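Single-structure report; data block below.
Numbering (UniProt numbering), first residue to last: 1 to 257.
Given below as structure tokens:
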């Protein structure tokens, strides 16, 4: 029987590229997205074999819906070998604007609570089986805070810490927790950025490297490696130098801009 991977946010961007990468490697797919119809149409357009994939419609912001999708997957397809919590949003905020506080709440609901709710149905069965991998898609943006990007950067910093905590809890039971921190990937999420994006990658190239990192059981991997070097340098920069480096950098676009 083929291995099974469960991927949220599979209707576009990184999630879609990961789905195709795993399918081409011979895996069966459990694909989750709010836009289940679009995801189903994409799978058919790609010529995916109907007996090797299933689509589940759920919004990761809805804890009951996304945890229910996980249970439905286990009932219909069995317990996955890999679960990838990929669904995420990126919107700039201005903390001086009251409405943007609600935007921040939505970012956290998607990127953080949604990730925990994605993993929840699978944790106990994986621990009992003593195998499996839970994969959190973080971001290099979680390393340091960027102007106008407070919601996204802080949410991805939380993803990194959350996955690290979960890794310590699961490791004694043979379950791996893998944190993948993408740099700039050419997806609908990044195309609206109004600043330079060094080492921009195609989604399919990212997916191939992520597949390798997950298969190797890496605890933390920045992709591409060049952004890993940048991330390490950013960690070491004193605040005064970091602030000077970012002076005048365009802010992340806010909702509606």
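Each residue gets a CB set at the ideal place from its N, CA and C atoms; glycine is no exception.
Small disclaimer: the values here were computed from a predicted structure and weren't measured.
Establish whether the CB of residue i and some CB of chain C are separated by less than 7 Å.
i, result
"residue 103", "Protein chains in the displayed structure number just one, and chain C is not present."
Would DSSP call residue i helix, strand or coil?
i, result
"residue 84", "strand"
"residue 29", "strand"
"residue 221", "strand"
"residue 270", "Absent from the structure is residue 270, since the part of the chain shown begins at 1 and ends at 257."
"residue 177", "strand"
"residue 203", "helix"
"residue 108", "helix"
"residue 237", "coil"
"residue 97", "coil"
"residue 184", "coil"
"residue 18", "helix"
"residue 245", "helix"
"residue 166", "helix"
Is the separation between the beta-carbon of residue i and that of residue j shorter than 7 Å?
i, j, result
"residue 135", "residue 178", "yes"
"residue 11", "residue 33", "yes"
"residue 121", "residue 47", "no"
"residue 138", "residue 208", "no"
"residue 174", "residue 92", "no"
"residue 110", "residue 73", "no"
"residue 68", "residue 87", "no"
"residue 213", "residue 221", "yes"
"residue 89", "residue 63", "no"
"residue 211", "residue 21", "yes"
"residue 3", "residue 27", "yes"
"residue 118", "residue 76", "no"
Which same chain residues end up closer than 6 Å to residue i when comparing Cβ atoms and leaving out the 5 residues on each side of it in sequence?
i, result
"residue 36", "55, 57"
"residue 145", "153"
"residue 52", "28"
"residue 100", "93, 94"
Using C-beta distances below 8 Å, list every residue in its chain close to residue i, excluding the 5 sequence neighbours before and after it, in chain order.
i, result
"residue 116", "162"
"residue 112", "155, 158, 159, 162"
"residue 170", "123, 126, 127, 134, 176, 177"
"residue 150", "93, 95, 104"
"residue 204", "17, 20, 21"
"residue 223", "180, 181, 182, 183, 201, 206, 209, 210, 213"
"residue 186", "200, 201, 202, 203"
Please list, in chain order, all residues of the same chain as residue i whose beta carbon is under 7 Å from its beta carbon, the five residues on each side excluded.
i, result
"residue 143", "231, 234, 235"
"residue 65", "58, 59"
"residue 39", "10, 11, 31, 33, 55"
"residue 218", "178"
"residue 19", "7, 10, 29, 31"
"residue 25", "211"
"residue 98", "none"
### Task
Quick one: which unbroken alpha helix (DSSP H) runs of 4-plus residues sit fully inside the region 121-153? Chain order, please.
As far as the region 121-153 is concerned, it has no whole alpha helix (DSSP H) run of at least 4 residues.
### Query
Looking at C-beta atoms only, is the number of pairs between the region 72-92 and the region 125-135 that lie closer than 8 Å three or more?
yes
#### Entry: In chain order, each beta strand (DSSP E) run of at least 3 residues that lies wholly inside the region 20-77
28-33, 53-57
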